[in-house]
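To keep things clear, I will list the structure first and then write my remarks on it.
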């Protein structure tokens with residue numbers, strides 16, 4: 200990282216960047232804005248429902264956190280977009296800079312303005328602490344959260360396509376890293392959810408809010424006790440202010456690692472299979488801990504399994520999309536190994552191999568975590584956690600989740616192999632349509648009051664969607680009595696169809712390679728040597 204910022208080109212770029220204005224001007228503007236905010240709150244102090252110091256501290260920390268996150272995200276994304284357009288990323292690698300150093304330097308150095316803005320608010324935080332807005336420990340932890348949140352946003356901003364938008368079919372405005380969507384969530388969705396408490400009143404909303412942002416701590420500080428902002432994990436309740444900084448740093452380092460991997464070899468999948476296994480195991484453990492905590496609070500025994508299944512399926516599909524090899528990678532493997540079949544180790548870990556073995560591992564990880572994290576604790580401590588989970592529900596959940604992962608994962612892989620550009624995206628769209636369209640269609644038909652509702656046709660259409668089937672197993676939607684044969688039938692059809700098409704494509708690629716090797720004389724010489732070494 201230090202080598203990166205000692206690069207004369209980068210130093211010159213920063214000087215040009217701040218020639219017309221410095222971080223000091225931004226800090227002065229922020230200080231003036233905070234003084235105006237303090238004056239407005241003091242003028243309306245009689246109408247406030249909370250003490251003046253606490254209200255000012257909550258507004259200041261929330262506003263500065265969102266502002267610095269947006270600045271970090273946008274500046275780093277714009278810098279990466281400029282590097283891609285001007286083709287200077289590879290030039291920086293020539294001066295003995297690894298991809299990791301390049302993107303880590305981008306995430307730390309580019310959003311300098313955001314870091315200075317956070318530091319400029321320290322005097323206001325001291326004054327707020329003096330007036331009893333929050334304890335000294337909570338104030339320090341909030342500032343640690345602000346810094347790690349800005350760093351995480353900067354690292355997410357590095358995720359960008361390495362294709363020059365000016366030379367592709369995609370318009371320049373559509374080739375970014377999704378900055379607009381992130382800004383939309385930060386500005387509109389999070390404050391709205393905080394206002395009505397929708398994500399703070401239950402663990403499923405509190406966990407992502409507390410891990411990714413300091414918003415959960417601000418919400419509970421506003422209501423009087425910041426230490427009620429917790430991340431539940433089985434029977435533990437970890438303060439969100441303590442667990443959020445290491446989690447955000449981990450997300451930032453993972454984002455930088457993904458982009459460094461893309462720069463090393465742009466044609467490789469974004470995520471390697473071993474890292475995907477580790478991420479899935481960590482996510483499932485967190486999911487199991489939250490589910491068991493919710494069961495202690497209010498949920499029924501079998502609801503825990505189906506909540507776990509929903510989260511496991513969604514995250515599994517995200518990992519599958521990030522690890523599926525593209526058409527070019529599969530072709531390169533056929534040429535490199537000369538049509539040799541992959542070994543078991545290659546199927547599990549190699550980037551160029553199909554994801555059939557990975558799909559089995561993903562299903563196995565979910566089953567293992569469900570057994571160790573949900574079923575076993577419920578059986579060991581039945582008085583604390585309620586009645587044990589039924590084995591029928593466990594077998595049904597494991598079977599449905601495994602079948603859905605295999606069928607839809609194979610469908611995504613088929614599109615990735617058949618379509619030269621954007622095949623993975625098309626596969627994701629098809630899978631999303633297969634999940635959402637039957638779900639929405641059945642809802643419309645059910646609410647319309649048509650006569651065929653009693654015939655079971657609406658339930659059959661509902662069952663074609665894996666997500667609607669899983670959701671129907673929850674206690675609060677028991678009015679849906681969906682049957683598994685419809686879902687199993689469509690999943691088997693998807694799997695057989697995609698496996699057949701993918702197998703034909705792979706066979707055609709092998710025949711093409713064998714024909715070209717024979718034409719070049721390579722295969723003939725190899726066959727002659729084998730015939731000499733092996734007698735008839």
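In this note's numbering, the protein residues as written are 200 to 735. Quick reminder that beta carbons are idealized off the backbone N, C-alpha and C, glycines included. These numbers were taken from a predicted model, which means no experiment stands behind them.
Closest to residue i by C-alpha separation, out of the options, would be which residue?
i: residue 240; options: 414, 327, 322, 271; result: 327
i: residue 559; options: 603, 311, 426; result: 603
i: residue 701; options: 554, 568, 415, 268; result: 554
i: residue 222; options: 308, 409, 437; result: 308
i: residue 229; options: 286, 318, 611; result: 318
i: residue 269; options: 350, 466, 285; result: 350
i: residue 272; options: 343, 311, 238, 249; result: 311
i: residue 348; options: 410, 420, 330; result: 410
i: residue 248; options: 715, 690, 420, 426; result: 420
i: residue 576; options: 531, 434, 315, 608; result: 434
i: residue 403; options: 431, 418, 425, 689; result: 431
i: residue 329; options: 277, 250, 284, 567; result: 250
i: residue 693; options: 613, 706, 453; result: 613
i: residue 453; options: 437, 466, 477; result: 477
i: residue 566; options: 283, 466, 590; result: 590
i: residue 253; options: 231, 418, 316; result: 418
i: residue 412; options: 265, 549, 710, 466; result: 265
i: residue 556; options: 588, 481, 475, 579; result: 475
i: residue 695; options: 719, 607, 706, 667; result: 607
To the nearest whole angstrom, what separates the beta carbons of residue i and residue j, a pair I think is in contact under 8 Å?
i: residue 259; j: residue 234; result: Incorrect: roughly 11 Å between the Cβ atoms, too far for contact.
i: residue 359; j: residue 456; result: At roughly 15 Å, the Cβ-Cβ gap does not stay under 8 Å, so residue 359 and residue 456 are not in contact.
i: residue 423; j: residue 526; result: Going by Cβ atoms, the distance from residue 423 to residue 526 rounds to 57 Å, so no, they are not a contact pair.
i: residue 596; j: residue 508; result: 5 Å
i: residue 704; j: residue 617; result: 6 Å
On the three-state DSSP scale, how would you describe residue i?
i: residue 554; result: coil
i: residue 368; result: Reliability of the predicted coordinates at residue 368 is poor, the pLDDT of 48 falling under 50, and no value is obtained from them.
i: residue 514; result: helix
i: residue 330; result: coil
i: residue 438; result: strand
i: residue 394; result: Any reading at residue 394 is ruled out, since the residue's pLDDT is 49, under 50, leaving its predicted position unreliable.
i: residue 718; result: helix
i: residue 465; result: coil
i: residue 413; result: coil
i: residue 445; result: helix
i: residue 249; result: coil
i: residue 425; result: helix
i: residue 503; result: helix
i: residue 222; result: helix
i: residue 618; result: coil
i: residue 524; result: coil
i: residue 582; result: Model confidence at residue 582 stands at a pLDDT of 49, short of 50, so the residue's coordinates are unreliable; what they give is reported in the following sentence. In this structure, residue 582 counts as helix in the three-state DSSP scheme.
i: residue 734; result: Residue confidence is low: residue 734 scores 39 on pLDDT, short of 50, so the model does not pin down where it sits. No coordinate-derived value is stated.
i: residue 310; result: coil
Please state if the CB of residue j and the CB of residue i are separated by a distance shorter than 8 Å.
i: residue 520; j: residue 551; result: no
i: residue 479; j: residue 518; result: yes
i: residue 510; j: residue 547; result: no
i: residue 345; j: residue 406; result: no
i: residue 354; j: residue 414; result: no
i: residue 605; j: residue 569; result: no
i: residue 165; j: residue 416; result: Not covered by the structure: residue 165. The range shown for the chain is 200 to 735.
i: residue 313; j: residue 267; result: yes
i: residue 611; j: residue 686; result: no
i: residue 574; j: residue 483; result: no
i: residue 562; j: residue 522; result: no
i: residue 449; j: residue 439; result: no
i: residue 513; j: residue 665; result: no
i: residue 515; j: residue 609; result: no
i: residue 227; j: residue 356; result: no
i: residue 224; j: residue 255; result: no
i: residue 361; j: residue 283; result: yes
Using 8 Å as the limit for Cβ to Cβ distance, is residue i near chain D?
i: residue 438; result: Among the protein chains of the structure shown there is no chain D, as only one such chain exists.
Using 8 Å as the threshold, is the stretch 293 to 309 in touch with the stretch 456 to 465, meaning 3 or more CB pairs across them?
yes
Inter-stretch contact at 8 Å, needing at least 3 Cβ pairs: the stretch 438 to 448 / the stretch 498 to 517
no
Inspect the CB distances between the stretch 249 to 264 and the stretch 316 to 335 and report whether three or more fall short of 8 Å.
yes
Would you check if the stretch 334 to 354 and the stretch 481 to 494 touch, i.e. whether three or more CB-CB distances between them fall below 8 Å?
Using a Cβ-Cβ distance cut-off of 8 Å, the stretch 481 to 494 and the stretch 334 to 354 are not in contact, since fewer than three pairs of beta carbons, one from each stretch, lie closer than that value.
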